[in-house]
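Presented below is the structure to which this report refers.
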Amino acid sequence: MSRLTLLVAIFLASFLLTAVLKKLAFRARLIDSPVARSAHTVPTPSGGGLIIVLLFSMVASYYFIGGAIPLREFMALTGGMVIAMVGLLDDLSHLDIRWRVPAQFAAAIWSVWWLGDVPPIDMGGAILELQWLLNGSAVVALVWLLNLYNFMDGIDGLAGCELIFVSVLSLILATNSGDQVLTLLSGVLLAAGAGFLGWNWAPAKIFMGDVGSGFVGFTLGIFALFSIHHGTMTVWTWVILLAVFIADATITVIRRYVSGEKWFEGHATHAYQNAARSYKSHSKVTITVILINCIWLAPLAWLSVRQPQAGAYLALIALFPLVLLAIRLKAGKSVEVALLSL
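FYI, the working numbering numbers position 145 of the sequence shown as 192, with every residue one higher than the one before it.
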């Protein structure tokens, strides 16, 4: 079976299995019931990301057994299974943060340990070489990335479209750089995510759930570490690719923390959520993010690969208008304040 045929098969399997899970979700108690801060008004099946997790993990295992994925990289990917299990438990019974966060850090430490010391990073002229700081930052970044991806999975199609965009760019850039492992894995994640998105586009028939959003965020972070270790991309390329999510989630958390709110609890004050309420449309916001990704971020990501020494500056250029946009949309402000200010 050719890899293209396999990717088509993964897409079809994802689409069909997500449809099956959608029907079984009510029996399994994988239901997202609307509350005051919800972006939906009717009980909706959740946990659809479980299909992404299972398909990606099965295909990655297949290629590992076949010798296409090295041991250390396969073992690093297994940290995502811990994240998925924690997310599934949270979807089923709202797992306390005292259990979630230690498990997330344990998975991140496991993955970083398997990959070995993070290579030095060009900070824009100065080279960061302190190994303890590089490795520690990688662990924190993985935990932050999986959580911010979860935070940004709040309207129909947004997290799924981000998965597609980042996977496509990762596949293209990895292919051009000769990174065969990352090319393969990016294609697998892309195919699994695309099948799920068929049911998640507005109006969503099923949500990704914590099982999927945390796994996807963590796995994209592992992809970033792969490319850094392989020397095919820098960390700044990944900051650029994920800039919409990074800017919105980070500004929101900072504002909520400064205002004394419990930033780690559920809320609906992200910039994208305020925008969806203001424009009374999930699809308009998601399409806007797609356009930002394709028109603004994709060229900068490509340039960061061609000119890696300028990566830090390109990341700042990418983030600056997105931070301003998040502030303009009142990220981190209460629903009433945000809507009155738009």
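Every residue, glycine too, gets a C-beta built ideally from N, C-alpha and C.
* **Coil, strand or helix - residue 177 by DSSP** => Of the three classes helix, strand and coil, the one that applies to residue 177 here is coil, per DSSP.
* Asked: What residues in its chain sit with their C-beta under 8 Å from that of residue 190, if we drop five residues either side in the sequence?
  -> Non-local C-beta neighbours of residue 190 in its own chain, meaning closer than 8 Å and more than five positions away in sequence, comprise 148, 151, 152, 155, ordered along the chain.
* Asked: Where residue 349 and residue 158 are concerned, what is the direct C-alpha to C-alpha distance, given to the nearest angstrom?
  -> So the two alpha carbons sit approximately 27 Å from each other.
* When the distance is taken between beta carbons, is residue 261 closer than 8 Å to residue 197? -> With contacts defined by Cβ atoms closer than 8 Å, residue 197 and residue 261 form a contacting pair.
* Which of the three DSSP states, helix, strand or coil, is assigned to residue 149? -> Helix.
* **residue 254 versus residue 128: straight-line alpha-carbon distance, rounded** => Within the model, the alpha-carbon separation for residue 254 versus residue 128 is close to 19 Å.
* Pull up the DSSP beta-bridge partners for residue 92, would you. => Assignment of beta-bridge partners to residue 92 by DSSP yields 78.
* In whole angstroms, what is the alpha-carbon distance linking residue 366 and residue 291? -> About 8 Å.
* Nearest to residue 319 by alpha carbon, out of 236, 185, 268, 379? -> Comparing Cα-Cα distances from residue 319 to each of 236, 185, 268, 379, the minimum goes to 379.
* Keeping to the same chain, check which residues put their C-beta closer than 7 Å to that of residue 237; ignore five residues upstream and five downstream. => Cβ neighbours of residue 237 beyond the five flanking positions: 211, 214, 215, 218.
* The alpha helix (DSSP H) enclosing residue 287, as first and last residue numbers -> Residues 282-288.
* **Through-space distance from residue 326 to residue 165, alpha-carbon basis** => For residue 165 and residue 326, the distance between alpha carbons rounds to 43 Å.
* Expected contact under 8 Å - CB spacing of residue 279 and residue 351 to nearest Å -> With 8 Å as the limit, residue 279 and residue 351 do not qualify as a contact, their Cβ atoms being about 12 Å apart.
* Asked: Starting from residue 223 and walking both ways along the alpha helix (DSSP H), at which residues does that stretch end?
  -> The continuous alpha helix (DSSP H) containing residue 223 extends over residues 205-224.
* **Start-end ranges of the alpha helix (DSSP H) lying completely within the region 254-325, minimum 4 residues** => Counting only runs of 4 or more, we get 256-277, 282-288, 290-305.
* To do: Taking only the alpha-carbon atoms, compute the straight-line gap between residue 305 and residue 374 and give it to the nearest angstrom.
  => Taking the straight line from one Cα to the other gives about 14 Å.
* Integer Cβ distance of residue 259 from residue 99, believed to fall under 8 Å -> Rounded, the Cβ-Cβ distance is 5 Å, consistent with contact.
* DSSP-derived helix/strand/coil call for residue 169 -> Residue state for residue 169 is assigned as strand, using DSSP reduced to three classes.
* Asked: So residue 130 is in the alpha helix (DSSP H); what residue range does that whole segment cover?
  -> From DSSP, the alpha helix (DSSP H) with residue 130 extends over 118-140.
* Asked: If residue 96 sits next to residue 243, beta carbons under 8 Å apart, how far is it from one beta carbon to the other, in whole angstroms?
  -> The Cβ separation is near 7 Å, so the contact holds.
* Asked: Looking at residue 264 and residue 220, is the spacing between their C-beta atoms short of 8 Å?
  -> Judged by beta-carbon spacing, residue 264 lies beyond the 8 Å limit of residue 220, meaning their Cβ atoms are not closer than that value.
* To do: Determine the contact status of residue 228 and residue 116, defining contact as a CB-CB distance below 8 Å.
  => Cβ atoms of residue 228 and residue 116: closer than 8 Å.
* So what's residue 387 in DSSP terms, helix, strand or just coil? -> Its pLDDT being 37, under 50, residue 387 is placed unreliably by the model, and nothing is read from it.
* Let me know the secondary structure DSSP gives residue 376 once reduced to three states. => Residue 376: coil per DSSP, three-state reduction.
* Asked: Any idea what DSSP makes of residue 202, helix, strand or coil?
  -> Looking at residue 202 - three-state DSSP - the assignment turns out to be coil, as it is neither helix nor strand.
* From the DSSP output, in three-state form, read off residue 368 for me. => Looking at residue 368 - three-state DSSP - the assignment turns out to be helix.
* To do: Can you grab the Cα-Cα spacing for the pair residue 282 / residue 119, in whole Å?
  => Distance between the alpha carbons of residue 282 and residue 119: 20 Å.
* For the candidate residues 347, 73, 288, 182, whose alpha-carbon lies nearest to that of residue 93? -> Checking every option, the nearest Cα to that of residue 93 belongs to 73.
* To do: Measure the Cβ-Cβ separation of residue 102 and residue 60 and say whether it is below 8 Å.
  => In contact: residue 102 and residue 60 (Cβ atoms closer than 8 Å).
* **Supposed contact pair residue 204 and residue 330 - C-beta distance, whole angstroms, cut 8 Å** => Indeed, because the Cβ distance is near 7 Å, the residues count as touching under 8 Å.
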